[in-house]
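Q: Residue numbers (the numbering used here), protein chains in the order written: chain A, 9 to 253; chain B, 9 to 253. I am attaching a structure below and will ask some questions about it afterwards.
2 protein chains.
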Amino acid sequence: MKRVKLTVAYDGTAYHGWQFQPGQPTIEGILNWALEDLLHEDTEVIGASRTDTGVHALGNVCVFDTESRIPGEKFAAALNTRLPEDIRIMHSEECEPDFHPRYDAHDKIYEYRITRAKTMPPTKRLYATHIYYPLDVQKMRQAAAYLVGRHDFAAFCSAGSTVKDTVRTVLAVDVLEENEDIVIRVKGEGFLYNMVRIIAGTLINVGSGRMKPEAVKDAVLGASRELAGPTAPAQGLTLIEINYD
Amino acid sequence: MKRVKLTVAYDGTAYHGWQFQPGQPTIEGILNWALEDLLHEDTEVIGASRTDTGVHALGNVCVFDTESRIPGEKFAAALNTRLPEDIRIMHSEECEPDFHPRYDAHDKIYEYRITRAKTMPPTKRLYATHIYYPLDVQKMRQAAAYLVGRHDFAAFCSAGSTVKDTVRTVLAVDVLEENEDIVIRVKGEGFLYNMVRIIAGTLINVGSGRMKPEAVKDAVLGASRELAGPTAPAQGLTLIEINYD
């Protein structure tokens with residue numbers, strides 16, 4: 009028995025998110041199907057991050073256990089021949105048998121992409137959110153600074169969540185400009201449900217002038233959902249990488 | 009009666025190219041349908057560039073004539089509400105009644121995008137070609153220089169074409185690096201059928217070492233299709249803009 013670690017990239021457009029749901033196309037469901045097809049063993053993936061419907065990933069991580077004699081590094085190619093083109097195993101390797109992709113993660117990096125243009129360019133529509141009004145990037149950066157650190161992020165957690173401890177540590181929030189795009193790059197030790205999309209929605213409100221940068225500080229201190237901005241649309245979000253010690 | 013000029017962007021993934029074909033989804037067909045729905049007039053677009061199946065555009069151009077009193081600049085929004093999200097009118101304006109989008113074009117700019125990675129990132133799969141082996145960018149640039157100028161590009165024209173005069177003027181071929189991507193940017197006064205895709209396929213062969221840079225000079229002088237490289241896949245190609253005097 010060995011444990012294999014997979015680095016998984018996907019275009020989330022066609023999927024109902026990561027987590028298995030009967031009768032729905034999900035990343036986890038497709039990966040388990042491909043493993044069954046390859047190994048004919050009773051094994052399932054354990055994932056690091058349960059991304060939502062329409063959210064993309066360049067580097068989500070999962071593991072599975074197997075009796076197979078296939079070397080760990082060969083699983084990427086063997087699985088990719090069985091997977092649709094919008095899901096790719098970017099890397100595979102054998103890992104420690106007690107390695108856990110979620111609990112052992114040191115930090116995760118997400119990017120939220122905003123395209124500023126009068127009209128949304130069609131080739132970006134699946135990977136960015138369109139904002140046609142002006143955004144003040146300096147104010148967005150000022151607001152972003154209030155999010156960095158160990159805080160109660162209750163204001164940045166969707167109502168549907170059942171977690172009790174809403175304290176999380178955000179290591180960095182960078183607001184970058186790439187031609188007509190703004191990329192909000194968030195690095196954190198862990199995230200609440202919809203937290204990065206609410207951070208994006210809040211920073212968009214600051215950029216447009218609907219919220220003052222200081223209101224983000226108040227949202228962190230007030231710890232109440234209505235103090236933060238709306239949840240930005242899923243398709244702008246990409247899980248870039250998960251780092252381990 | 010007035011003539012209106014449209015700047016059209018599209019994700020070509022779902023379409024059988026620009027040109028109308030009965031029973032197939034095409035950009036021209038959808039645009040004509042949207043005009044009919046808006047105007048209830050007998051009018052059709054005249055396009056500048058008949059892009060192939062799977063080829064994208066940021067700025068293709070077309071015109072149509074109308075008796076409508078809608079101001080030229082209002083057509084973009086009026087048509088966008090009737091178009092699918094993968095086709096967008098980026099700009100509309102009234103133009104001279106004798107303006108012709110193809111014959112009056114001074115030059116067109118295309119980009120061919122190559123992604124170098126061990127595994128194709130799924131979010132790029134519709135907009136780039138995957139090359140997993142190393143490419144020598146300096147040699148590609150050396151070869152590209154032989155293409156610039158007024159030459160017989162018969163070696164860079166697909167066999168299916170019926171044009172007799174295969175002399176064209178290429179104004180620039182730049183080989184740019186953007187992180188893991190190589191972008192071949194071609195500016196020309198006019199192009200033969202599949203010419204940019206054959207230029208891309210040829211420069212990829214030079215980059216990989218299958219062809220020497222000087223072989224591109226020989227292909228131009230020899231004017232025979234088998235002297236150039238293969239036709240690179242459609243999805244890497246985007247029509248960036250068409251310039252008028």
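Every residue gets a Cβ at the ideal spot worked out from N, C-alpha and C, and that includes glycine. The structure presented is a predicted model; accordingly, all values stated were derived computationally and were not measured.
(1) Please list the partners that residue 64 of chain A has in chain B, where partner means a Cβ-to-Cβ separation under 9 Å.
(2) Does the beta-carbon distance from residue 34 of chain B to residue 62 of chain B come in below 8 Å?
(3) Which residue spans inside the region 47-71 of chain B form an unbroken alpha helix (DSSP H) run of at least 4?
(4) What's the C-alpha gap between residue 170 of chain A and residue 162 of chain A?
(5) Please name the residues in the region 85-98 of chain A whose beta-carbon is closer than 8 Å to at least one beta-carbon of chain B, in chain order.
(6) Within the chosen definition, does the region 93-100 of chain B reach the region 147-159 of chain B through at least 3 CB pairs nearer than 8 Å?
(7) Flag residue 120 of chain A as yes if its beta-carbon sits less than 8 Å from any beta-carbon of chain B, otherwise no.
(8) Rounded to whole angstroms, what's the CA-CA distance from residue 272 of chain A to residue 220 of chain A? Just pull it up for me.
(9) Taking the continuous alpha helix (DSSP H) assigned at residue 8 of chain B, which residues delimit it?
(10) In this structure, what does DSSP give as the bridge partners for residue 139 of chain B?
(11) Output, in sequence order along the chain, the residues in the region 14-47 of chain B whose CB is closer than 7 Å to any CB in chain A.
(12) Residue 182 of chain B: which of B/208, B/127 and B/46 sits nearest, CA to CA?
(13) Is residue 127 of chain B close to chain A? Criterion is C-beta to C-beta, closer than 8 Å.
(14) At a cut of 8 Å, does the region 192-200 of chain A reach the region 124-141 of chain A through at least three beta carbon pairs?
(15) What residues are listed by DSSP as bridge partners for residue 112 of chain A?
(16) Tell me where the alpha helix (DSSP H) around residue 214 of chain B begins and ends.
(17) Quick one: is residue 135 of chain A near chain B, going by C-beta distance under 8 Å?
(18) Could you pull the DSSP bridge partners for residue 157 of chain A from this structure?
(19) Name, in chain order, the residues that DSSP records as bridge partners for residue 194 of chain A.
(20) What does DSSP give as the partner residues of residue 252 of chain B in its beta bridges?
(21) Between residue 13 of chain A and residue 80 of chain A, what straight-line distance do the alpha-carbon atoms span, to the nearest angstrom?
(22) Decide if residue 89 of chain A is buried, meaning its Cβ has at least 16 other Cβ atoms within 10 Å, or exposed.
(23) For my contact list, residue 119 of chain A and residue 246 of chain A are in at a C-beta cut-off of 8 Å; report their separation, rounded to the angstrom.
(24) With distance defined between alpha-carbon atoms, name the residue in A/204, A/248 and A/218 nearest to residue 240 of chain A.
(25) In the DSSP assignment, what residue or residues form a beta bridge with residue 76 of chain B?
(26) Counting only the same chain and skipping the five closest in sequence on each side, list residues whose C-beta sits under 8 Å from that of residue 54 of chain B.
(27) Between residue 232 of chain A and the rest of its own chain, which residues show a CB-CB distance below 6 Å, the 5 nearest in sequence each way excluded?
(28) Taking the alpha carbon of residue 148 of chain A as the reference point, which residue from A/134, A/157, A/122 and A/172 has its own alpha carbon closest?
(29) Exposed or buried, residue 41 of chain A, counting other C-beta atoms within 10 Å across all chains shown (16 or more means buried)?
(30) What is the rounded straight-line gap between the Cα of residue 214 of chain B and the Cα of residue 141 of chain B?
(31) Smallest Cα separation from residue 83 of chain A: which of A/136, A/160, A/227 and A/46?
(32) Return helix, strand or coil for residue 148 of chain A, following the three-state DSSP convention.
(33) Between B/243, B/251, B/9 and B/218, which has its C-alpha nearest residue 105 of chain B's C-alpha?
(34) Roughly how many angstroms separate the alpha carbons of residue 31 of chain A and residue 64 of chain A, rounded to a whole number?
(35) Please list, in chain order, all residues of the same chain as residue 18 of chain B whose beta carbon is under 8 Å from its beta carbon, the five residues on each side excluded.
A: The relevant details are as follows:
(1) Against chain B, the beta carbon of residue 64 of chain A has neighbours under 9 Å at 130 and 131, listed in chain order.
(2) no
(3) Restricted to the region 47-71 of chain B, not a single alpha helix (DSSP H) segment is unbroken, complete and at least 4 residues in length.
(4) 11 Å
(5) 88, 93, 94, 95, 96, 97 and 98
(6) no
(7) no
(8) Look at the range of chain A in this structure, 9 to 253, and you will see that residue 272 of chain A is not part of it.
(9) Residue 8 of chain B falls outside the range modelled here, since chain B spans only 9 to 253, and no answer is possible.
(10) By DSSP's assignment, residue 139 of chain B forms a beta bridge with B/124.
(11) Within the region 14-47 of chain B, contact with chain A at the beta-carbon level (separation under 7 Å) is assigned to 17, 18 and 19.
(12) Proximity to residue 182 of chain B across B/208, B/127 and B/46 peaks at B/208, based on C-alpha coordinates.
(13) yes
(14) no
(15) Bridge partners of residue 112 of chain A: none, in fact.
(16) 203-216
(17) yes
(18) A/178
(19) A/118 and A/181
(20) Note: residue 252 of chain B sits in a beta bridge opposite B/113.
(21) In a straight line, the C-alpha of residue 13 of chain A is about 8 Å away from that of residue 80 of chain A.
(22) exposed
(23) Contact between residue 119 of chain A and residue 246 of chain A holds: their C-beta atoms lie close to 5 Å from each other, under 8 Å.
(24) A/204
(25) Residue 76 of chain B is not bridged to any residue.
(26) 70, 71, 72, 108, 109 and 110
(27) 163
(28) A/122
(29) exposed
(30) 12 Å
(31) A/46
(32) helix
(33) B/9
(34) 21 Å
(35) 35, 64, 65, 68, 94, 95 and 96
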